[in-house]
Every structure is written in C-alpha cells, then in structure tokens.
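> My questions will all concern the structure given below.
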Amino acid sequence: MQNEITAQKILLPEAVKMILTTLSDAGYEGYAVGGCIRDSLLGRKPSDWDITTSATPGQVKELFRHTIDTGIEHGTVTVMLDHVGYEVTTYRIDGEYEDGRHPKQVTFTPSLFEDLRRRDFTVNAMAYNEKEGLVDLFGGIEDMKNGLIRAVGDPMERFSEDALRMMRAVRFSAQLGYRIHEETQEAIQKLSKTLAKVSAERIRVELEKLLVSPHPEQFILCYKLGLTEVFLPEFHTAMITTQNNPHHCYDVGEHIMESIKAVRADKVLRFTMLFHDLGKPACKTTDEEGIDHFKGHPAVSAKIADERMRALRFDNETRKRIIILTENHDLRISPEKKAIRKVLSRLGEDNLRLLWEVQIADTTAQSDYQREEKLAGIAEAKRQMELVLADKECFSIKDLAVNGQDLLQLGYPKGPALGAELKELLAAVLEDPSQNTKETLLKLAAEQKENL
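The number in this note's numbering is simply the position in the sequence shown, starting from 1, with 31 added.
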C-alpha cells in the first residue's frame with residue numbers, strides 16, 4: 032500500500048452527527064461528503080465539514096432554527112450551530128456550463144450517485160454517515176492507496192465544466208504528494224488555455240495553497256501542462272534560459288524550483304522565490320569567455336512580480352513585501368554593524384529577517400562554487416544584526432534622541448526642511464551610533480541650520 036489509509040470508521044463531530052440525525056429522522060438522506068472524508072481517511076483533522084442531502088433547501092430550512100442562504104440557488108444552505116456554520120447542499124445535477132466556471136442551472140435530484148458523479152476528483156467524491164458507512168462509488172479509496180488524483184468520469188467533461196479544477200488537480204497533487212492520472216493530465220493539457228475564463232482571485236487562491244504545500248515542486252506541472260501560459264508566461268521563458276556561470280548548476284527555471292523547495296512554507300517567501308529570477312531572461316548577456324551574466328535582473332524581476340500580483344489581485348501588503356524581497360534578493364550585505372544599521376533603516380527588521388531566508392534559499396539552489404563562503408557571510412551578517420538589535424542601536428527616525436518638536440524649537444520651519452534634517456541626523460547616527468544623544472544632535476542640527 033503506497034499511502035496509509037486509516038480504518039473506514041470516521042469520527043464525525045457532534046454537530047455533524049446532529050445534522051445528519053435530524054435529516055434522517057425527518058425521512059431524508061444525509062452524508063458528510065468531499066474533502067472532510069478524504070482527510071479523515073488520511074488521519075488528518077478536516078478544516079470544515081460539508082454535508083449533502085436529499086432534502087431540498089426549503090426542507091433543510093424548516094428543520095433547523097438558524098440557517099443562512101449562502102448559495103440557495105445552487106442548493107446550499109448554511110446551518111449554524113454554536114456559532115459555527117455547516118454547509119448543507121441538496122443532491123444536484125449541474126446543467127450546461129456556458130462559461131467554463133458556472134452551470135447555467137442546477138437540477139435537484141434524489142440520487143446520491145448523480146450528486147457524487149458531478150464532483151471533481153475521485154478522492155473528493157466519497158460520502159459517509161454512521162448508518163450506511165463509507166460510500167465510494169468511483170474508486171476514491173483505491174486511488175488514495177495508489178496515490179492518484181483522477182477525475183471522476185470523463186476528465187474532459189469535468190474540466191470543461193469548471194476550468195479551475197485543472198489548478199485544483201495540481202494543488203491536490205502538491206498537498207497530498209499524489210501523482211495526476213495520465214488521462215487527467217492529458218485533458219488538462221488540451222484544455223489548459225480555458226483557465227483564462229477563471230477569475231484571477233480563484234487562480235491566486237489555488238496557487239497559494241499549492242506553493243505553501245508539502246510538495247511545492249509540483250508547481251512544475253503547471254508549466255508542463257500549459258497552465259502557467261495563462262497566469263505566469265514569464266516562467267516558460269525562464270525554463271529555457273540557461274545559466275553558463277560558475278555560480279549556477281541549473282537553468283533559470285530549474286533554479287527557481289529548487290529555491291522554492293529550499294525555503295520554508297510561508298506564502299511571502301515562496302512567492303518571492305517564484306518571482307525572484309523571472310527577470311533574468313531579459314537581462315541575459317554573454318561575455319567573450321562564454322560566461323552568462325544577468326545584471327539588473329532583480330529590478331526587472333520585481334517589475335514582473337508587481338504586474339503579475341496585481342493581475343492576480345494580491346492584497347497590497349503582501350504584494351509590497353514580495354516586491355521588496357525580490358528587488359533586494361541579490362543584495363550583498365557587508366557583515367559589519369554600520370552596514371547592517373543602514374539596511375535595517377531602509378528595509379526594517381521584519382523584511383531583513385525574511386531577506387536572510389530568501390538569500391539562504393537562493394544560495395542553496397546554486398552550484399557549490401563558493402556556496403559555503405556565501406552562507407557563512409550571511410550567517411555572520413545575521414549575527415551582526417542581532418548585536419545591533421540587542422544593543423538597541425538607532426536605525427530609524429523614531430529612535431533618534433531628538434524629534435521634530437526639538438527642531439522646531441531650534442527655529443526649523445515646518446515642512447520639507449524639517450523632515451530632511453531628521454533624515455540628515457539619522458544618516459549621521461547610522462554612521463556613528465555614539466552621536467545619538469540629544470546634546471550632540473541638537474548641536475549638529477544648529478550647525479546645519481546655519482547653512483540653510
């Protein structure tokens with residue numbers, strides 16, 4: 032057995048039991064269904080529990096005191112129990128999908144089989160209740176044992192219904208460590224361009240889950256199956272861009288994939304590694320000795336990252352942080368306190384800590400040429416940063432021994448000149464922390480005021 036599957040006795044939460052019992056006592060069928068069953072069989076704690084039933088939405092609403100019409104046109108009612116919501120959806124047959132995303136209409140059905148056969152993958156098409164036990168009509172258990180992501184029925188049909196399912200196939204492959212069934216892969220290749228019909232937000236959510244999964248290297252399937260042509264075409268160019276340089280042993284795309292694997296499972300870090308070298312193809316030059324160089328690529332990579340993240344509707348805070356890390360990923364920071372203070376002043380502590388992780392992953396994914404020296408340099412720079420922080424050395428205007436009010440009392444006018452002087456004082460303190468006393472800074476400010 033390739034994958035360990037727990038005993039098929041699934042422990043339902045008390046609230047789920049209560050919903051299923053209420054449905055059954057009223058003469059309706061009800062099952063927990065989908066990902067919660069898959070995760071339970073894998074011995075994982077489901078993040079949420081979905082329920083499918085033969086009862087219509089109206090009948091469900093009659094049975095429970097507090098419900099919310101979250102998707103009633105598609106048969107879904109949320110039952111609220113102790114401030115927790117449980118989606119209860121009527122068995123349904125989807126009508127024609129006119130836009131590759133949504134059915135034009137749904138038809139309620141009394142058949143659990145019909146409901147399960149419209150679902151995306153066999154591992155997500157299993158249902159369970161304590162009376163009937165596990166219902167596995169499409170070989171989900173067998174596919175789990177064999178480590179397979181396989182579409183329910185005809186994969187061309189499933190992906191034509193909802194193109195996002197192609198991204199979900201890769202995402203589940205990455206989360207579960209499963210391979211995608213050959214016929215399912217072939218269907219994705221044929222229909223990959225239809226992913227353009229899917230909203231940017233839905234693509235981004237799947238991409239995030241994929242990259243922070245235990246197997247982010249499965250992102251390469253997005254390239255091999257043609258999906259990145261829709262949301263990250265620059266990656267295709269990176270995959271065919273060689274790096275004839277002693278510091279590298281991989282092509283640009285391969286190096287990116289290795290760096291993603293080398294960094295911890297954090298959204299900002301893994302997206303930074305995905306974007307950090309995408310500017311290299313545009314910056315590539317080759318010298319007389321045949322050595323490739325990529326001068327200026329961090330800025331170009333940051334521009335690509337900005338454009339792609341805007342297109343994928345990233346939130347501004349995440350987007351800005353990834354851009355900062357991408358722009359600075361190649362920054363070589365001298366392992367001395369003065370240099371560290373200046374970088375801390377420009378980037379801030381949080382960003383610098385993330386940058387060290389980016390640089391370690393980047394270095395780890397390069398050749399072994401000078402690798403140990405590079406990693407030792409980063410380690411020493413990190414050590415110096417900790418000393419700067421432990422000594423509470425000033426690296427921001429707010430930590431200066433004087434403030435704007437002090438300068439106003441010296442006769443500085445409100446406005447740009449005041450801010451410029453505070454920056455000048457900070458620059459002096461970054462060079463020499465001993466100058467960060469009120470007396471010294473006021474004296475320096477008074478001298479500079481004479482030159483205004």
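The beta-carbon is built from N, C-alpha and C at its ideal position, and this holds for glycine as well.
Along the chain, where does the alpha helix (DSSP H) containing D393 start, and where does it finish?
E380 to T395
> Looking at C-beta atoms only, is the number of pairs between the segment 306–320 and the segment 422–433 that lie closer than 8 Å three or more?
no
> Using DSSP's beta-bridge definition, name the partner residues of F152.
A182
> Grouping DSSP H, G and I as helix and E and B as strand, with all else coil, what is H286?
For H286, the three-state secondary structure derived from DSSP is helix.
> Count the other CB atoms within 10 Å of the CB of D151; is the residue buried (16 or more) or exposed (fewer)?
buried
> Given a cut-off of 8 Å on the beta-carbon distance, is the pair V154 and M175 in contact?
yes
> Mind checking D146: buried by the 16 CB within 10 Å criterion, or exposed?
buried
> Identify, in the order they occur along the chain, each residue of the same chain with its Cβ nearer than 6 Å to the Cβ of G131, setting aside the five sequence neighbours on each side.
Summary for G131: the model assigns pLDDT 49, below 50, so the residue's position carries little reliability, and this model does not support an answer.
> Do the segment 76–91 and the segment 57–68 make contact, defined as three or more Cβ pairs closer than 8 Å?
Taking a contact to require three or more Cβ pairs closer than 8 Å, the segment 76–91 and the segment 57–68 qualify as touching.
> As an exercise, report each continuous beta strand (DSSP E) stretch of at least 3 residues that is fully enclosed by the segment 153–177, in chain order.
157–160 and 164–167
> Just to confirm the assignment: which complete alpha helix (DSSP H) runs, minimum length 4, are found wholly within the segment 200–247?
For the segment 200–247, whole alpha helix (DSSP H) runs of length 4 or above, ordered along the chain, are 213–222 and 231–242.
> Quick one: is D399 buried, meaning 16 or more other Cβ sit within 10 Å of its Cβ, or exposed?
exposed
> From L439 to K429, what does the alpha carbon distance come to, in whole angstroms?
16 Å
> According to DSSP, is H324 helix, strand or coil?
In the structure shown, H324 adopts extended strand secondary structure according to DSSP, grouped into three states.
> By DSSP's criteria, D422 is part of a beta bridge. Which residues make up the other side?
Note: D422 sits in no beta bridge, so no partner.
> Report yes or no: do the segment 189–208 and the segment 237–248 share at least 3 C-beta pairs separated by less than 8 Å?
yes
> Considering only heavy atoms of the ligand ZN, does any lie closer than 7 Å to the CB of A410?
Ligands displayed in this structure: none; no statement on the ligand ZN is therefore possible.
> Which residues bound the beta strand (DSSP E) around G61?
G61 to V64
> Helix, strand or coil for I82, going by three-state DSSP, please let me know.
strand
> For I371, does the three-state DSSP call read helix, strand or coil?
Correct three-state label for I371: helix.
> Let me make sure I understand the geometry here. Which of A396, L385, R196 and D437 has the alpha-carbon closest to that of M416?
For M416, the nearest C-alpha among the options comes from L385.
> How would you label T109, buried or exposed, when you count the other beta carbons within 10 angstroms and need 16 or more for buried?
buried
> Below 8 Å on the Cβ atoms is my guess for E265 versus A396; work out the distance and round it to an integer in Å.
That pair is no contact at about 18 Å.
> Smallest Cα separation from A412: which of R372, G435 and A231?
R372
> Among D113, I353 and G171, which one has its Cα closest to the Cα of H97?
D113
> Can the beta-carbon of A156 be found closer than 8 Å to that of G171?
Their beta carbons are under 8 Å apart, which means A156 touches G171 by this criterion.
> Three Cβ pairs or more, each shorter than 8 Å: is that satisfied between the segment 252–263 and the segment 213–224?
yes
> When the Cα atoms are used, what is the spatial distance from T468 to E358?
34 Å
> So is P447 buried or exposed if we call it buried at 16+ other beta carbons inside 10 Å?
exposed
> Can you tell me the Cα-Cα spacing of I364 and D437, whole angstroms?
Taking the straight line from one Cα to the other gives about 34 Å.
> Give every residue of the same chain whose Cβ lies closer than 7 Å to the Cβ of R402, excluding the five residues on either side of it in the sequence, and list them in chain order.
So the qualifying residues of the chain are T394.
> So L449 is in the alpha helix (DSSP H); what residue range does that whole segment cover?
P447 to E462
> Restricting to Cα atoms, I'd like to know which of V115, A57 and G74 is closest to E93.
Answer by Cα proximity: A57.
> For the alpha helix (DSSP H) containing Y117, name the first residue and the last one.
Per DSSP, Y117 belongs to no alpha helix (DSSP H); it is in the beta strand (DSSP E), V115 to T121.
> Tell me the DSSP secondary structure of T349 in three-state form.
helix
> In this structure, how does DSSP classify I124 when only helix, strand and coil are distinguished?
strand
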